[in-house]
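Remarks on the structure that follows.
In this note's numbering, the protein residues as written are 166 to 400.
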């Protein structure tokens with residue numbers, strides 16, 4: 166791991182809301198999609214978040230989009246299976262920066278492994294199976310140029326087309342979606358050490374006790390999820 170993951174986000178100012186949800190996502194390994202202009206700290210937050218996970222040597226992999234599907238999921242070389250970044254990030258973090266810039270086959274291939282945690286690769290030379298519990302973090306700009314108004318020169322059509330590179334079924338697999346760089350400066354309610362301890366603490370056995378506010382929020386999330394056509398087909 167790098168120094169950012171070891172130190173945490175104590176030196177990263179603001180983004181209290183994002184930090185809180187990254188803690189929640191780390192606890193249950195929920196995939197996270199962060200959106201915002203360049204230079205607001207998306208990559209730094211992702212690297213620091215690796216330090217929330219238990220273990221002294223948590224892997225953090227940030228493959229480049231040019232690696233394509235083979236670099237992400239794996240392939241064959243000289244007749245032997247070669248695992249990709251997803252499998253190598255097992256029990257750690259897989260960070261996919263510039264997410265819309267990844268080739269569409271690579272992005273869409275994530276849908277199956279995010280549901281199952283298993284990848285079966287079949288080739289004429291043979292087959293291979295990899296399993297991984299990698300925590301997937303992705304980041305994206307909001308348009309091609311990456312700038313916010315008044316500096317953005319993209320038309321509304323161009324911005325919509327750029328954002329539509331991520332299909333609905335793929336976005337549904339990111340239950341935590343955060344907008345970075347727009348919230349007013351604020352400090353995280355908990356220290357880095359407190360966040361780390363909470364994430365790494367074993368989940369208590371048996372049913373959890375929910376407050377009334379948490380129960381209402383849970384009902385709201387479930388009701389919102391029922392608008393998903395994919396979920397409706399499996400009700």
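All C-beta atoms in this analysis are idealised placements derived from N, C-alpha and C, irrespective of residue type, glycine included.
Note to self: Quick check on this structure: which residue in 288, 351, 296 and 330 has the alpha carbon closest to the alpha carbon of residue 307?
What the structure shows: 330
Notebook entry, point to check: At which residue ranges does the stretch 175–204 contain complete beta strand (DSSP E) runs of 3 or more residues, listed in the order of the chain?
Noted result: 197–200
Next item on the list: Go to residue 267, then tell me how far its beta strand (DSSP E) extends in each direction, as first and last residue.
Entry: No beta strand (DSSP E) contains residue 267, which DSSP labels as neither H nor E.
Notebook entry, point to check: Residues bridged to residue 225 by DSSP?
Noted result: 258
Check: Taking the runs of the beta strand (DSSP E) that are 3 residues or longer, which of them lie wholly in the stretch 333–362?
Finding: 341–344
Next item on the list: Go ahead and pull the three-state DSSP assignment for residue 303.
Entry: strand
Margin query: By DSSP's criteria, residue 296 is part of a beta bridge. Which residues make up the other side?
Written below: 283
Check: Contact between the stretch 259–273 and the stretch 313–325: three or more CB pairs below 8 Å?
Finding: no
Next item on the list: Look at the Cβ atom of residue 160, then the Cβ atom of residue 284, and state whether they are nearer than 7 Å.
Entry: Only positions 166 to 400 of the chain appear in this structure, which leaves residue 160 out of reach.
Check: What is the DSSP secondary structure of residue 248, reduced to helix, strand or coil?
Finding: strand
Notebook entry, point to check: Do three or more CB pairs link the stretch 219–226 to the stretch 321–337 at distances below 8 Å?
Noted result: no
Next item on the list: Give the single residue among 250, 190, 319 and 305 whose Cα lies nearest to the Cα of residue 265.
Entry: 305
Margin query: Could you tell me the alpha carbon to alpha carbon distance between residue 354 and residue 342, rounded to whole angstroms?
Written below: 20 Å
Item checked: Assigned exposure category for residue 399 - 16 Cβ within 10 Å defines buried -> Confidence at residue 399 is low in this model, with a pLDDT of 38, below 50, so its placement is unreliable and no value can be given for it.
Next item on the list: Using a threshold of 7 Å, state whether the C-beta atoms of residue 301 and residue 238 are closer than that.
Entry: no
Next item on the list: Assign residue 206 to one of three DSSP states: helix, strand, or coil.
Entry: coil
Next item on the list: Just mark residue 280 as buried or exposed, buried being the case when its beta carbon has 16 or more other beta carbons within 10 Å.
Entry: exposed
Check: Under 7 Å, do residue 297 and residue 255 count as touching if we go by C-beta distance?
Finding: yes
Next item on the list: Could you tell me whether the Cβ atoms of residue 173 and residue 357 are closer together than 7 Å?
Entry: yes
Note to self: Which of the three DSSP states is assigned to residue 366 in this structure?
What the structure shows: coil
Check: Is the distance from the Cβ of residue 207 to the Cβ of residue 199 below 7 Å?
Finding: yes
Item checked: Spatial neighbours of residue 253 in its chain, beta-carbon cut-off 7 Å, leaving aside the 5 residues before and after -> 224 and 226
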